[in-house]
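Trainee:
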Amino acid sequence: MKTDTITANTTLKLPDLDKVLDALGAWVLAIVWISPLLFAAWAALQPSGTALGLDFSNPLTFENFVYVWGAVPWGGYFTNTVVLVTLILAGQLVLCTLAGFAFARFEFKGRDTVFILVLLQLFILPEVLIVENYAIVSKLGLFDTALGIGLPYMASAFGIFLLRQAFKSVPIELEEAARIEGCSWMGVLWKVYVPAAKPVYLAYALVSIATHWNNFLWPLIVTNSPETRPLTVGLSLFGAPETGVDISVISAATIMTIAPLLMAFLIFQRQFIQAFLRAGIR
Amino acid sequence: MNEMARLQKRRLALYGWMLAAPALALMSLFAFYPAIATFWHSLFTRGTSRRPSVFAGFENYGDLFADPTFWTVATNNLIYAGVTIPVSIIFALVMALLANAHIPARSFVRSAYFTPTILPMIAAANLWLFFYTPDLGVIDQITGLFGASPTNWLGQPETALASVIIVTIWKEAGFFMIFYLAALQTIPPDLREAARIEGAGRWTYTRRVLLPLLMPTTIFVFVNAMINSVKLIDHLFILTKGGPNNASKLILYWIWEMAFAYFDSPHAAAMTILVLLALGLVAVAQFRLVEKRTHYR
Numbered sequence: 001m002k003t004d005t006i007t008a009n010t011t012l013k014l015p016d017l018d019k020v021l022d023a024l025g026a027w028v029l030a031i032v033w034i035s036p037l038l039f040a041a042w043a044a045l046q047p048s049g050t051a052l053g054l055d056f057s058n059p060l061t062f063e064n065f066v067y068v069w070g071a072v073p074w075g076g077y078f079t080n081t082v083v084l085v086t087l088i089l090a091g092q093l094v095l096c097t098l099a100g101f102a103f104a105r106f107e108f109k110g111r112d113t114v115f116i117l118v119l120l121q122l123f124i125l126p127e128v129l130i131v132e133n134y135a136i137v138s139k140l141g142l143f144d145t146a147l148g149i150g151l152p153y154m155a156s157a158f159g160i161f162l163l164r165q166a167f168k169s170v171p172i173e174l175e176e177a178a179r180i181e182g183c184s185w186m187g188v189l190w191k192v193y194v195p196a197a198k199p200v201y202l203a204y205a206l207v208s209i210a211t212h213w214n215n216f217l218w219p220l221i222v223t224n225s226p227e228t229r230p231l232t233v234g235l236s237l238f239g240a241p242e243t244g245v246d247i248s249v250i251s252a253a254t255i256m257t258i259a260p261l262l263m264a265f266l267i268f269q270r271q272f273i274q275a276f277l278r279a280g281i282r
Numbered sequence: 001m002n003e004m005a006r007l008q009k010r011r012l013a014l015y016g017w018m019l020a021a022p023a024l025a026l027m028s029l030f031a032f033y034p035a036i037a038t039f040w041h042s043l044f045t046r047g048t049s050r051r052p053s054v055f056a057g058f059e060n061y062g063d064l065f066a067d068p069t070f071w072t073v074a075t076n077n078l079i080y081a082g083v084t085i086p087v088s089i090i091f092a093l094v095m096a097l098l099a100n101a102h103i104p105a106r107s108f109v110r111s112a113y114f115t116p117t118i119l120p121m122i123a124a125a126n127l128w129l130f131f132y133t134p135d136l137g138v139i140d141q142i143t144g145l146f147g148a149s150p151t152n153w154l155g156q157p158e159t160a161l162a163s164v165i166i167v168t169i170w171k172e173a174g175f176f177m178i179f180y181l182a183a184l185q186t187i188p189p190d191l192r193e194a195a196r197i198e199g200a201g202r203w204t205y206t207r208r209v210l211l212p213l214l215m216p217t218t219i220f221v222f223v224n225a226m227i228n229s230v231k232l233i234d235h236l237f238i239l240t241k242g243g244p245n246n247a248s249k250l251i252l253y254w255i256w257e258m259a260f261a262y263f264d265s266p267h268a269a270a271m272t273i274l275v276l277l278a279l280g281l282v283a284v285a286q287f288r289l290v291e292k293r294t295h296y297r
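Residue numbers (UniProt numbering), protein chains in the order written: chain C, 1 to 282; chain G, 1 to 297.
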């Protein structure tokens, strides 16, 4: 009996003040940080035009979502965004893998100079070159196509850099063993290097998907029809003053735009953050 | 034998070029060539159907410098960078330290910080519209409880830029937090123990041990934040459209406006070149910094 109370006492020891303050601070900041999102989720479920009254007694309704879905070709926007993101990611994975492999494992004249040029592209943002890139895409006849939106992003300097680093850290013995087994260069790349760089691929894919799902300025410039417009451009047109700024309706549209990515993130939240931590992008 | 080795070497070099070629070709088409072409076009006047464009030297640049809007926009962007960069880095660091501590509901806290990052800026701007709507918006309703009069946050020059800046910080801090979290995981826990035994408090430990060890991450994050301070303008399309009276206009938005709303591509080209020059300076400074760091190690 007596021993029981002693153990209970030791486990019930008051947590120290620092830890309580840490937790409290972390929670308050967390709630402040997601409050815009929570508010939008709530506003989207309010009867149209009443959200700003902050009246919590109103019944929840889905009519805003129904209205938004019917008002614009939302399904088309979704499809466009999915196609676009997939296209860009596929292009990036292929091009950056090949180039990263070349810079990591092949010696050729001028390699280091070219690599510095590649790094320089990190600073020559496609966003800044919109005027000239618009002219090029038009000349290529790719204006208002998914390829036209995606092509400027495919040779990503960031991807080449990341994969080069990852390939460089693969022990050369693995490659030599595969070569002795009679593997071709492509075979080595596919069987040794690509599997070894898996966490980097995962983290890079996540960054790429999030970036291009969210990209706005370039798609705005290169598209002009609902058949090619991605979600972000659709959403921005939807919020235009002509339709009248109704917070509930805009919230519903916003929630619909971010829902797929948000749900994917909430489900894979742990793996998502782990992928970043493990890939060592720092 | 020697001949064969040389042949082999040449074959490998050729192979290397072939692997890199597709990426290099696209990069030339969408980064290097456009950069040069932009410079070339910035030297010509704007062509109309009646008057074809003629070579004008650096006249377009002179026009920019003479335009008061240029100075407003440049100043806005400097303020925007000067506030968003340090503030979002500090928030990111604090978030990482909090989200790395052993606290209950840690994964909720991490997601809450990180979630704004995965939203499109356009959507983020929509969410913030409620907060900024004069009188009816959430901010005015809260300040109204304390008797403050309604403020047109986005519609008056004094607060428009600040409102845009707050949205950017909200969006960026969680992203930078991830890099700090990653760095914190590589710091061995015995360092904290050692510091505790030496009698160092939390603050001393953070300042003398953690911050120096996080320096490489801070440089990386800093450079990213700097690039973003030119790149992130999507919220302007929803929140202010650069107004009122250019009070919240940033450089890239201005370039977009010049080129695609006023069809004045020579001046847009000149402005683009100025941005590229500034980014080039950042690039050189960063390579220097990284080099210094590697020497130091």
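Think of the CB as a built atom: it goes at the ideal place given N, C-alpha and C, for glycine as much as any other residue.
Per DSSP, which residues does Phe44(G) bridge with? Please list them.
Mentor: Phe55(G)
Trainee: Report the residue from Gly159(C), Val131(C), Tyr67(C) whose alpha carbon sits nearest the alpha carbon of Ala90(C).
Mentor: Gly159(C)
Trainee: Am I right that residue 372(G) and Ala35(G) are in contact with their C-beta atoms under 8 Å? What's the rounded C-beta distance?
Mentor: With chain G covering only 1 through 297, there is no way to say anything about residue 372(G).
Trainee: So for Arg229(C), helix, strand or coil by DSSP?
Mentor: coil
Trainee: Any beta-carbon of chain C closer than 8 Å to the one on Met4(G)?
Mentor: no
Trainee: Ignore the nearest five residues each way along the sequence and tell me which others in Ile267(C)'s own chain have a CB closer than 7 Å to its CB.
Mentor: Nothing meets the Cβ criterion.
Trainee: Applying the criterion that 16 or more other CB atoms from any shown protein chain within 10 Å of the CB defines a buried residue, is Val68(C) buried or exposed?
Mentor: buried
Trainee: Classify Tyr180(G): buried if its beta carbon has 16 or more other beta carbons within 10 angstroms, exposed otherwise.
Mentor: buried
Trainee: Inspect the CB distances between the stretch 196-211 of chain G and the stretch 245-263 of chain G and report whether three or more fall short of 8 Å.
Mentor: no
Trainee: Let me see if you follow: with CB-CB separation under 8 Å, is Thr11(C) close to chain G or not?
Mentor: Below a pLDDT of 50, predicted positions are generally treated as unreliable, and Thr11(C), at 48, falls in that range; the measurement from the model is reported next regardless. False, the Cβ-Cβ gap to chain G never drops below 8 Å.
Trainee: Run through chain G and tell me which residues come within less than 7 Å of Cys183(C), C-beta to C-beta.
Mentor: By Cβ distance, chain G contributes nothing, its closest Cβ being about 14 Å from Cys183(C), past 7 Å.
Trainee: Chain C beta carbons: is any one of them nearer than 8 Å to that of Gly147(G)?
Mentor: no
Trainee: Work out the CA separation of Leu98(C) and Leu84(C) for me, nearest whole Å.
Mentor: 21 Å
Trainee: Give me, in chain order, the residues of the same chain whose beta-carbon lies closer than 8 Å to that of Glu127(C); leave out the 5 immediate sequence neighbours on both sides.
Mentor: The answer, listed in chain order, is Leu217, Trp218.
Trainee: Interface residues of chain G around Thr254(C) at Cβ under 8 Å?
Mentor: From the beta-carbon of Thr254(C), the residues of chain G found nearer than 8 Å are Ala123, Asn126, Leu127.
Trainee: Looking at Ala183(G): is its Cβ nearer than 8 Å to the Cβ of Thr143(G)?
Mentor: no
Trainee: Grab me the residues of Asp4(C)'s own chain with a C-beta within less than 8 Å of its C-beta, minus the 5 sequence neighbours each way, in chain order.
Mentor: Legend: pLDDT at Asp4(C) = 46, less than 50; position of this residue unreliable, value from coordinates given subsequently. Contacts found: none.
Trainee: Of the residues that make up the stretch 88-117 of chain G, which ones have a beta carbon closer than 9 Å to any beta carbon in chain C?
Mentor: Phe91, Val94, Met95, Leu97, Leu98, Ala99, Ala101, His102, Ile103, Pro104, Ala105, Arg106, Ser107, Phe108, Val109, Arg110, Ser111, Ala112, Tyr113, Phe114, Thr115, Pro116, Thr117
Trainee: Check Pro86(G) in the structure and name its three-state DSSP category.
Mentor: helix
Trainee: Can you grab the Cα-Cα spacing for the pair Lys109(C) / Leu119(C), in whole Å?
Mentor: 18 Å
Trainee: On the premise that Phe175(G) lies in contact with Thr133(G), defined as a C-beta separation below 8 Å, what is that separation, rounded to the nearest angstrom?
Mentor: Actually they are not in contact, since the Cβ atoms of Thr133(G) and Phe175(G) sit about 27 Å apart, beyond 8 Å.
Trainee: Give the single residue among Leu29(C), Phe272(C), Trp42(C), Ile172(C) whose Cα lies nearest to the Cα of Pro199(C).
Mentor: Phe272(C)
Trainee: In angstroms with no decimal places, state the Cα-to-Cα distance between Glu242(C) and Leu289(G).
Mentor: Legend: pLDDT at Glu242(C) = 47, less than 50; position of this residue unreliable, no value from coordinates given.
Trainee: Just checking my contact of Asp112(C) with Ile103(G) at CB under 8 Å: how many whole Å lie between their CB atoms?
Mentor: Going by Cβ atoms, the distance from Asp112(C) to Ile103(G) rounds to 47 Å, so no, they are not a contact pair.
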